[in-house]
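Here's the structure we're looking at; comments come further down.
Protein chains: 6
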Amino acid sequence: MLLALSTWPEIEAFLQRSKTVIVPIGSNEQHGPTGLLGTDWLCPEIIAHEASKRSDEVLVAPTFNVGMAQHHLAFPGTIFLRPSTFMAAIGDWTRSLGAHGFEKIYFLNGHGGNVATIEAAFSEIYAEYSFRKERCPFAMKLKNWWDLDGVNALAMRQFPVGHGSHATPSEIAVTQWGYPDSIKTAEYEPRIAPTGPIREALDFRARYADGRMGSDPALATPEKGGELVKQAVVSLIKDLAAFAGEARV
Amino acid sequence: MLLALSTWPEIEAFLQRSKTVIVPIGSNEQHGPTGLLGTDWLCPEIIAHEASKRSDEVLVAPTFNVGMAQHHLAFPGTIFLRPSTFMAAIGDWTRSLGAHGFEKIYFLNGHGGNVATIEAAFSEIYAEYSFRKERCPFAMKLKNWWDLDGVNALAMRQFPVGHGSHATPSEIAVTQWGYPDSIKTAEYEPRIAPTGPIREALDFRARYADGRMGSDPALATPEKGGELVKQAVVSLIKDLAAFAGEARV
Amino acid sequence: MLLALSTWPEIEAFLQRSKTVIVPIGSNEQHGPTGLLGTDWLCPEIIAHEASKRSDEVLVAPTFNVGMAQHHLAFPGTIFLRPSTFMAAIGDWTRSLGAHGFEKIYFLNGHGGNVATIEAAFSEIYAEYSFRKERCPFAMKLKNWWDLDGVNALAMRQFPVGHGSHATPSEIAVTQWGYPDSIKTAEYEPRIAPTGPIREALDFRARYADGRMGSDPALATPEKGGELVKQAVVSLIKDLAAFAGEARV
Amino acid sequence: MLLALSTWPEIEAFLQRSKTVIVPIGSNEQHGPTGLLGTDWLCPEIIAHEASKRSDEVLVAPTFNVGMAQHHLAFPGTIFLRPSTFMAAIGDWTRSLGAHGFEKIYFLNGHGGNVATIEAAFSEIYAEYSFRKERCPFAMKLKNWWDLDGVNALAMRQFPVGHGSHATPSEIAVTQWGYPDSIKTAEYEPRIAPTGPIREALDFRARYADGRMGSDPALATPEKGGELVKQAVVSLIKDLAAFAGEARV
Amino acid sequence: MLLALSTWPEIEAFLQRSKTVIVPIGSNEQHGPTGLLGTDWLCPEIIAHEASKRSDEVLVAPTFNVGMAQHHLAFPGTIFLRPSTFMAAIGDWTRSLGAHGFEKIYFLNGHGGNVATIEAAFSEIYAEYSFRKERCPFAMKLKNWWDLDGVNALAMRQFPVGHGSHATPSEIAVTQWGYPDSIKTAEYEPRIAPTGPIREALDFRARYADGRMGSDPALATPEKGGELVKQAVVSLIKDLAAFAGEARV
Amino acid sequence: MLLALSTWPEIEAFLQRSKTVIVPIGSNEQHGPTGLLGTDWLCPEIIAHEASKRSDEVLVAPTFNVGMAQHHLAFPGTIFLRPSTFMAAIGDWTRSLGAHGFEKIYFLNGHGGNVATIEAAFSEIYAEYSFRKERCPFAMKLKNWWDLDGVNALAMRQFPVGHGSHATPSEIAVTQWGYPDSIKTAEYEPRIAPTGPIREALDFRARYADGRMGSDPALATPEKGGELVKQAVVSLIKDLAAFAGEARV
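Chains as they are written, first to last, in this note's numbering: chain A, 1 to 249; chain B, 1001 to 1249; chain C, 2001 to 2249; chain D, 3001 to 3249; chain E, 4001 to 4249; chain F, 5001 to 5249.
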């Protein structure tokens, strides 16, 4: 069930049987010569939407499609929120969902660079309750889609060499499966991109000339993407159920 | 051309021939018994994406899908950013696009409640340059899709009675055209909803029992939606070209 | 009754019979070769103070004399608050008045450039209550003095040509009536100023060489100002009474 | 010369001969049974406006009429900015004046409770330059009107007993001189109000039942107010000249 | 009793018999050719820790070791918080201590440049309660160590000439007593440093070539430091007891 | 070399030969029945100070002694900064150090709960440069002391069972070695504490009755602490040298 394609009475009815909602969250940022700028928000959206087709218990909020990607700004098309802005926005999304009675808010994340800020945002929200000595009426959970049970292991089997950490063949494969009309090709030089630290945008572009980090996106295929989605969907439904079932202490 | 389905080299190439980009911007909020929660971000997205199919000069950024809708929070499914958060986020989106060399940033808006905050956000961004006594390298423009040339006039012809101002038959028609599988029906009582002021969420729900303001959404049809989209697309392409062509003083 | 010239026991007594207060709000910004820098806060102050002389029910707070005028900064004398600051300040004024039991807070505005930020500020305040699922104990209303019943129509009759949108003969006439010792004259070239968009300060000065937009301030006279004030005062008292009488839903 | 009653060309001309401007700054807060709510902003306004009549070198900006008065909120009519808001607003006023080329910005203050926040605001502004390793193009100075040369000594002679620290006879006398039609009377019980610490608003009202601190406002007369204004004006003009004449190191 | 070297059950037990806590607060900033960068936080820490050895009623929180020192940034080693950051941090420290039930929070300050911002921070915290019409459950007090009873008088006796206001012999003496292994020497030229206003960092360094203001640190000795500490400790314990004993109104 | 016990000329001289500085950073929070409230800032301080004794190249800034610990607030003595405050403060510390010419700023962290916010703070700082299209003149690095080469492995050997994640025997051992006079004992029930998620403070206290998570602090001894410190110091000096030696791309 997609929240944006539902009416408020439908959400009201859903809340009678479940208090859990998924927010796909990612980033709109360069992904090398062939990766889509939307890769990091398209992947969790693809997986969450697929999950919602498999289970009536899966309610998916609109996708939070821009995240923390300051280091990618020297590559055209990147759009990002600075951490303070990102935290404020996550806070308002969460307070809104919490106000409706959602008790379990599950962020399915598609961008490693988001993790620190999302966790900081959770702490910022909890801190309001801690200062007031009140129980927070909802719990938040962050899960990267590649950390869903079995997904990373599958990716390692699919791409034992050249997976890397940015513009990875696994994430590109997922978008190829989801958007087969938008598959791009390029010559990669070197085949496997370099690795190193992440600092500000000009430093990043100086280190990673075409935007990849440690990856060989040429390995991606829509079929592999389909396998990853399939595994992710199964694990997501399970993980979500466990979170939903968690009792309050 | 959709930015999220493009690569950074494609955007780099686009910037060689155009410095203009559209950002569909809306809200995720209740739209009465039958309107989709996503109505206000789906409408500008539908129109902008259609325009991008018609013209290679139309580049569409990801949709900014949550806006200022505090007054709708008492209806389940509404997600909003408070104005200060919304302004910060618009600022970061715009600074990101400006950093790539976009000189004309065109927000196609789908939510009346966004207008004040978006304009305040523009002023906040311009003020940075004003205080520094610098020219702002980009211009921003806000256009509501219903204010595109001919659109509102068409809606008035289509819905001479019962158009109203929230959960209007015109916006619902556009989403029916775009998402024909998500058309909902309900009995409306009264047929045409009441009107009045907008204050905080509980006041809003007390005044507008089913979430509509002055509207009769039963009048919406996908066909009328298609007519509205057609008109909007033509006018959007023209308006965008005029904005793109505006010379710097 | 002027709040600043009252004592707290007088305000305490006033609150026994009325819960309504006016805040004149404007801007301190250039108004062309002959308009006073204070024009936009002087106009609503003049009108509100006149109204307070006519009716014991009209309580006027101190004037909020600096607003959102970033675009005028390239002209000496302009002082402005960026929107985020302006919103914070409006918030604190309003919370203060609300804390005393005022239930209807009426902002009589003198600057078009303030409108978006004031409305965003209202939403920011209401949003606190919406998130907390509480009723806001007060309602806010924004009214531009030229939108008071009959005022704009009168101005159009007085100045059928050359009214324009900034440094208008109507606002200058009001200050001429209020401050007859501060009437200035100049040669205007061109007679009617150009119009166009509003961006950052240097852009504004490049477009509007002497600071006017579309106006011919030479048409202003203190007599016409007096007529405008007279009309505005009558309508203000009526509008305020309607607002004060509005029942809570 | 009053900035608000001047045009931008007049300020442009003034800047040719002087780079100094006064900002009267105060608070709108309860001042006991008979003190005007505006006392703390009226006093510096009265003194600065008088000074501007005596000297063409004295340019007076609009009055910053609301300040830091959280502790007075339990008395009706008080309006205040929390320190963070107040600092932001002082910052924007100052940046605006600095942008025009004012090099000496002189805040004539009328409220002891403002001092800490105004000084913190100055540091916040200077810190921007310190972090950027730039010289600040303007200097700020805070002066309480009672600290102007000879003023406090005169007040001590006028009111050797019962001057106190809030709703003092000296400040009330100044407003009596400035606003003779708004002189109020009351029985004070006790004659001289108690003293003590300042905390939040309810604590304040519990300690200071009628809002005075250590003062006997019955001692105030318009004549004494006139003497104070006279002394303050002379000293202000001198102090301002010294500040204006201070060379940059 | 040092909070950082205690366990939570020990603090829980302490709160059974006392609701008072000291927070040493200072700054890490240049102190002339021989003064330690930590001088301003070491002094209150030394005094507070000594006091805690003398009395079981003295509980000392960790030292807040960075404050408002923007003007010293042009001298290497200075670390500062801008006022807005400093206020936010003081707020969170205080809210944390208040949440545990501390009712008297005593800031023993070592830096004159902190005073304004700390007081503004107190007002910011109290303002939350004032707006909510609630009593603040705790009271805050700021005391500079040199303002403790008898301390400044002793310093004036010890250093009748050349005490000055920054890098004073008294504060340097205290650190010499506390850190005898870190005593530094230098030739001072001139012997007594100049005085003047405080603005941004480059202005400060231009005025005060070696970082001192009005002082002759060569006068400092560890023995004099010991005398100052002794006096300060006695007075601190007394002042703290008076604050602790203050009844709520 | 300890920055706080140095003078500015000493730091100026240090900067001639090194551009690297360590900031010990931790938290002041409950650490179970026997762990010191200061554990998380004492550990990195102990290690960094030891390292500074071993090598003239190790310059240690004052300790940032309060961090993100909202979840511990229900245990007395905890003091924390909410993430937004913490980020602002880290930003000001870092900008200060960067202003002096430090090019490598190394945060030695003692609290797992700080990691997300510190990384977000780094991104916030870098983002300023990314938006301005400038190189950041300094690089920041975060290292948890237990992640220093060989440290965690040693802890696993020392405490193969009952190490846990909060109030661990390894961190308590380090403070026992550093503060042998402050060793506390208690009966632990159960011997090994439970584990689980981290949410707001009341939830935390409900889950973890005595404040420990998964740990058996009874295993700690000062000797084991000494071994950990020894290993950490060697690795810190090496890690710091590698960071210092990293060339700019």
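Backbone N, C-alpha and C define an ideal beta-carbon position, used for all residues, glycine too.
- By the rule that beta-carbons nearer than 8 angstroms mark a contact, residue 5037 of chain F does not touch chain A.
- DSSP lists E:4108 as the bridge partner or partners of residue 4024 of chain E.
- Residue state for residue 1077 of chain B is assigned as coil, using DSSP reduced to three classes.
- Residue contact with chain F for residue 200 of chain A: present (Cβ-Cβ distance below 8 angstroms to some residue of chain F).
- When the alpha-carbon of residue 2039 of chain C is set against those of C:2015, C:2102 and C:2064, the nearest one is in C:2064.
- Taken in chain order, the complete alpha helix (DSSP H) segments of 4 residues or longer contained in the segment 3010–3068 of chain D are 3039–3054.
- Nearest neighbour of residue 1214 of chain B by Cα position, chosen from B:1224, B:1189 and B:1014, turns out to be B:1189.
- In the structure shown, residue 4087 of chain E falls within a helical segment according to DSSP collapsed to helix, strand and coil.
- Comparing alpha carbon positions, the residue from C:2034, C:2154 and C:2043 closest to residue 2109 of chain C is C:2043.
- DSSP links residue 1139 of chain B through a beta bridge to B:1104.
- The contact set of residue 1070 of chain B on chain C, defined by CB atoms closer than 7 angstroms, consists of 2123, 2126, 2127 and 2130 in chain order.
- In the displayed model, residue 72 of chain A falls within a helix according to three-state DSSP.
- Measuring C-alpha to C-alpha distances from residue 1141 of chain B to each of B:1115, B:1224, B:1159 and B:1201 identifies B:1115 as the nearest.
- Taking the C-beta atoms as reference points, residue 2173 of chain C is found nearer than 8 angstroms to residue 2220 of chain C.
- If you compare the alpha carbons of C:2009, C:2052, C:2170 and C:2008 with that of residue 2023 of chain C, the shortest gap goes to C:2052.
- Here DSSP, grouped into helix, strand and coil, assigns residue 213 of chain A to strand.
- Counting along the chain, no alpha helix (DSSP H) covers residue 3191 of chain D, and no H or E run does either.
- Taking the C-beta atoms as reference points, residue 4019 of chain E is found no nearer than 8 angstroms to residue 4243 of chain E.
- At least one CB atom of chain F sits nearer than 8 angstroms to the CB of residue 249 of chain A.
- Within 8 angstroms of the CB of residue 2205 of chain C, no CB atom of chain D is found; the nearest one sits about 10 angstroms away.
- Burial check for residue 5229 of chain F: the Cβ neighbour count within 10 Å reaches 16 or more, so the residue is buried.
- In the structure shown, residue 2148 of chain C falls within a coil segment according to DSSP collapsed to helix, strand and coil.
- In this structure, the CA atom of residue 1166 of chain B is about 13 angstroms from the CA atom of residue 1028 of chain B.
- Your pair residue 1192 of chain B and residue 1164 of chain B checks out as a contact, with CB atoms roughly 7 angstroms apart and the cut at 8 angstroms.
- When C-beta atoms of the segment 3083–3101 of chain D are compared with those of the segment 4091–4103 of chain E, fewer than three pairs fall below 8 angstroms, so the two segments do not count as touching.
- Apart from the 5 residues on each side of it in sequence, residue 2111 of chain C sits with its Cβ closer than 6 angstroms to the Cβ of 2026, 2027, 2040 and 2067 in its chain, given in chain order.
- Neighbours of residue 29 of chain A in chain F, taken as residues whose beta carbon is under 7 angstroms from its own, are absent, since the nearest beta carbon is some 12 angstroms off.
- Cβ-Cβ separation between residue 74 of chain A and residue 202 of chain A: approximately 6 angstroms, consistent with a contact (criterion under 8 angstroms).
- Taking 7 angstroms as the Cβ-Cβ cut-off, the segment 1088–1101 of chain B approaches chain F at 1095 and 1099, given in chain order.
- Against residue 2133 of chain C, the close residues of chain A are 99, in the order they occur along the chain (beta-carbon pairs closer than 9 angstroms).
- Residue pairing for residue 3002 of chain D: DSSP places it in a beta bridge opposite D:3060.
- Sequence-distant Cβ neighbours of residue 2205 of chain C in its own chain, meaning closer than 7 angstroms and more than five residues away, are 2074 and 2075.
- For residue 1084 of chain B, a Cβ of chain C is located within less than 8 angstroms of the residue's own Cβ.
- In terms of beta-carbon proximity, residue 3195 of chain D stays away from the interface with chain E, with every pair separated by 8 angstroms or more.
- Of the candidates E:4149, E:4085 and E:4017, E:4085 places its Cα closest to the Cα of residue 3128 of chain D.
- Think of a sphere of 9 angstroms around the beta carbon of residue 50 of chain A: no beta carbon from chain B falls inside it, the nearest being about 16 angstroms out.
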